[in-house]
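Numbering (the working numbering), first residue to last: -16 to 138.
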């Protein structure tokens, strides 16, 4: 359908270190979960409430998968742009399941690390000619150094 958009934007923290697998073609695939949280004040009780949502992320872009493997860790704060994809699979007990994932693949994706701890290492790595920068790996370095981000991890 012409004129449609499938884009998901998230800012959140990793729940665990990325899981890296290698496809039959030899490409690395990174999988991890990102938590996003919202807080609000209940109007009737004035009590502070919060809710955390977990999002499954899959990176098929080889360069971004390498970056995820090397630099993303549990608790890392990241900004991502990808596409929502739904798929079916059969679990170990033979039950058919549906799953929704945010997929980063191709040129229309972004992975930006917001944490400052490894940014200088990433900038050095990205300037190396051995890394394929053909997708959006340039977006991995953070332009958000001056943002004061809440340090609270939602788990």
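Glycine residues also receive a C-beta, built at the ideal position from the N, C-alpha and C atoms.
One or two residues paired with residue i in a DSSP bridge
i	result
residue -1	Beta-bridge pairing links residue -1 to no other residue.
residue 52	Residue 52 pairs with nothing; no bridge assigned.
residue 84	68
residue 36	19
residue 57	Answer is none; residue 57 lacks a bridge partner.
For residue i, three-class secondary structure by DSSP
i	result
residue 46	helix
residue 118	A caution first: residue 118 carries a pLDDT of 41, below 50, which makes its placement in the model too unreliable to give a value.
residue 29	coil
residue 90	coil
residue 66	strand
residue 18	strand
residue 79	strand
residue 71	strand
residue 13	strand
residue -8	strand
residue 111	Only weak support is given to the placement of residue 111: the predicted model assigns it a pLDDT of 40, under 50, and the question is left unresolved by the model.
Integer Cβ distance of residue i from residue j, believed to fall under 8 Å
i	j	result
residue 61	residue 87	Not quite, the Cβ-Cβ distance comes to about 11 Å (not below 8 Å), so this is no contact.
residue 57	residue -2	7 Å
residue 85	residue 67	6 Å
residue 69	residue 59	With 8 Å as the limit, residue 69 and residue 59 do not qualify as a contact, their Cβ atoms being about 26 Å apart.
residue 22	residue 31	6 Å
residue 44	residue 89	7 Å
Any non-hydrogen atom of the ligand GDP closer than 7 Å to residue i Cβ
i	result
residue 14	The ligand GDP is not part of the structure shown, which contains no ligands of any sort.
Does the stretch 68 to 78 come close enough to the stretch 45 to 58 that 3 or more CB-CB pairs lie under 8 Å? no
Three-pair Cβ contact test at 8 Å for the stretch 28 to 35 versus the stretch 5 to 12: no
Assess, as a yes-or-no matter, whether the stretch -10 to 6 is touched by the stretch 51 to 59 under the definition of 3 or more beta carbon pairs within less than 8 Å. yes
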